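> Sending over a structure as structure tokens; questions will come in a sec.
Numbering (UniProt numbering), first residue to last: 1 to 696.
Next up, the structure:
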């Protein structure tokens, strides 16, 4: 047995389940490239290290070491130096475990590696819609050997991520299903695909399989199944759909191209990861890893431009997909500003199929995992967003406009304008400095700290923008927000993905998925092995933060809700809950809430030798930190876009069977159709067999 206090991570296997091919096509193999943030800003791991150095965990773990970000922190009480743990809380199950709260009353799904979706006993699941299924009128049934760009623009796109289920007024059984399509993997789309020599049709079919799908679905009176129907709202948005650029950066010289001298119109949206439903009924979606679509950033003539492209990861000589061969807008040397027209938050009105979607420049430009809206009691609108890269930041935007009540078209139009004026902030974190006594919990029973929001830019009602960063104009702050955040002193985080505000409490939850080679990125050391100055090579399980924000203000407090991983491992922490009674969880990604106030977490890249899944987490009372797995997805797949209603759970199953060798002809997954069929990304619905509420 390792002695108490030793870094247990040094003896653990932290290989992620994500394949290298997934890394190439999902995020441009970002973790194999230099860290883009070379600032000397404080790293969140160091904040947590100092906080835990002062405190002792007494709940939910015996003599152990809590390790956050590869750094060991004492997690036992009564340690006398000889290895004894007198007075420590027992890690064995209590004689009478607390009753799970409403929403978590289901049998845990065990970790597994089966090639199917598995839900708890007493629950069923079914596929709603698959890649290639018809979405709009005139769409043919999908055929592997008969794909065309024209057909693909009418069919459900590839690799679905975010999902939303919106009730249609006047009907108890019809809904709008909205799905993002984050990326394409051509080897698993086209028979005999040659990665070095894609055809023009291959590329155009990929364009059509990006974007979003909006499709009506219909339920029935016998079970929870949902069936796609051809409704008046059905729509496809792709990499060639026209978007309107709004906010103070619209019309900037930084956004003008040879085909758009106004700097206000752009074709398409790319790498749409997570998203959210606004209180006014529209959809927000984050453009994330768009750097992988643009080639030649290291060949532009000006030093300043090369530095800008490098900070956003746009240095590849050519892209993996080779799109630049067929459209010069993806060649930075030909169209240097085209890349600046991506990495935004987009907004779509799903209730108006003729509406032009927009890109909001006031929310800043970075790798948006998503943007989520919280409305304060006084009507103030706040949008939270994470920059999903290692050592990047958490942001918020506080609108200067109040919400317009109502759900009609006019209210939606007015509220969409709210994201064009207000203040853009970035977060820094600190540990608490209150007095404490050795071997006792702090009075609040949490491991926490304080934080501050730093102003980056004020976007005004007249369309102008004021910079709060010396040496940068307002437009530069919005277009190159990463540089502004560096200068503001923001705290580096471990891949901040979904950042969501609780609809009742207003507390903000952030999924910090993981960080490979987390020691890298310090100034002057990018080329040195990470292990030379990192406690461990990798942090592969991630954690979940809880933030109590002052909403429109500039201060907040934070605490660590989950340190993810195997509950039997000493480094894990589940909000203080007894670890013998929780599910193992690894790599939190997307977040959602149920009607009972519980947090639901989907995972991406499970490092615990099990398929990814969906988990429910209690946030309050004596069950705070109780984590239960509700479902698992098939081999090689990622769990995306959870929607949890009273009667249904929706997840998108992304990249099933995606491994380094998979092709159309060979693959490790044959889900959802089985046999020797091609794996197809799909939307899944789960429900209780007896028709009762989820988790009751």
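Using N, Cα and C, we set each Cβ at its ideal position, and we do this for glycine too. Being a predicted model, the structure only gives us computed values, none of them experimental.
Locate the alpha helix (DSSP H) running through residue 478, then write down its first and last residues.
474-479
> If we ignore side chains and look at the alpha-carbon of each, how far apart do residue 570 and residue 547 end up?
24 Å
> Under DSSP, the alpha helix (DSSP H) around residue 201 begins and ends at which residues?
200-209
> State whether the region 557-575 contacts the region 399-412, with contact taken as three or more CB pairs (one from each stretch) at a distance under 8 Å.
no
> Per DSSP, what are the beta-bridge partners of residue 429 in this structure?
451
> With the cut-off set at 9 Å, would you say residue 369 and residue 453 are in Cβ contact?
Cβ distance not < 9 Å, so residue 369 and residue 453 don't count as in contact.
> With distances taken between CB atoms, is the gap from residue 634 to residue 679 smaller than 9 Å?
Closer than 9 Å, so yes.
> Within 10 angstroms of its Cβ, does residue 4 collect 16 or more other Cβ (buried), or is it exposed?
Residue placement at residue 4 is poorly supported in this model, since its pLDDT is 26, which falls under 50; the coordinates are not used for a value here.
> Tell me whether the beta-carbon of residue 128 lies closer than 9 Å to the beta-carbon of residue 684.
yes
> If you follow the beta strand (DSSP E) that residue 501 is part of, which residue opens it and which one closes it?
496-501
> At the level of alpha carbons, what is the spacing between residue 579 and residue 44?
Near 25 Å, if we compare the C-alpha coordinates of residue 44 and residue 579.
> What is the rounded straight-line gap between the Cα of residue 375 and the Cα of residue 476?
28 Å
> List the endpoints of the continuous beta strand (DSSP E) containing residue 511.
508-512
> Are the beta-carbon atoms belonging to residue 430 and residue 274 less than 9 Å from one another?
no
> In chain order, what residues of the same chain have a beta carbon less than 7 Å from the beta carbon of residue 104, not counting five sequence neighbours either side?
598, 616, 618, 626, 628, 695
> According to the neighbour-count rule (16 or more other Cβ atoms, all chains shown, within 10 Å of its Cβ), is residue 314 buried or exposed?
buried
> If residue 263 sits next to residue 360, beta carbons under 8 Å apart, how far is it from one beta carbon to the other, in whole angstroms?
Actually they are not in contact, since the Cβ atoms of residue 263 and residue 360 sit about 15 Å apart, beyond 8 Å.
> So, at 7 Å on beta carbons, what are the nonlocal neighbours of residue 112 in its own chain, with the 5 sequence-adjacent residues on each side left out?
118, 610, 611, 632
> CB residue 108 to CB residue 147, shorter than 9 Å?
no
> Near residue 276, what residues of its chain come up, given a Cβ to Cβ distance below 7 Å and the 5 sequence neighbours on each side ignored?
284, 370, 371, 372, 373
> Taking residue 648 as the reference, which of 355, 687, 673, 657 has the closest Cα?
687
> Does the beta-carbon distance from residue 214 to residue 266 come in below 9 Å?
no
> When DSSP labels each residue in this structure, what does residue 25 get in the three-state scheme?
helix
> What residue ranges within the region 279-313 form continuous beta strand (DSSP E) runs of no fewer than 3 residues, ordered along the chain?
283-287
> Quick one: what does DSSP say residue 230 is sitting in, helix, strand or coil?
Coil at residue 230, not helix or strand.
> Does the beta-carbon of residue 448 have 16 or more other beta-carbons within 10 angstroms, so that it is buried, or is it exposed?
buried
> If distances are taken between C-alpha atoms only, which option among 121, 101, 100, 102 comes closest to residue 110?
121
> Per DSSP, what are the beta-bridge partners of residue 268 in this structure?
Checking the DSSP bridge columns, you'll see residue 268 has no partner listed.
> Can you round the beta-carbon distance between residue 219 and residue 173 to whole angstroms, since I take them to be within the 8 Å contact cut?
Rounded, the Cβ-Cβ distance is 4 Å, consistent with contact.
> Give me, in chain order, the residues of the same chain whose beta-carbon lies closer than 6 Å to that of residue 226; leave out the 5 immediate sequence neighbours on both sides.
128, 217, 219, 685
> What residues match up with residue 260 in a beta bridge as DSSP calls it?
257
> In whole angstroms, what is the alpha-carbon distance linking residue 676 and residue 670?
6 Å
> Name the residue from 338, 549, 577, 292 whose alpha carbon lies nearest to the alpha carbon of residue 99.
Taking only the C-alpha atoms, the option nearest residue 99 is 577.
> Locate the beta strand (DSSP E) running through residue 191, then write down its first and last residues.
Careful: residue 191 lies outside any beta strand (DSSP E) and carries neither H nor E.
> Just to confirm the assignment: which complete beta strand (DSSP E) runs, minimum length 3, are found wholly within the region 348-413?
As summarised for the region 348-413, the continuous beta strand (DSSP E) elements at least 3 residues long and confined to that stretch are 358-360, 372-375, 380-386, 390-392, 394-402, given in chain order.
> Which of the three DSSP states is assigned to residue 493 in this structure?
strand
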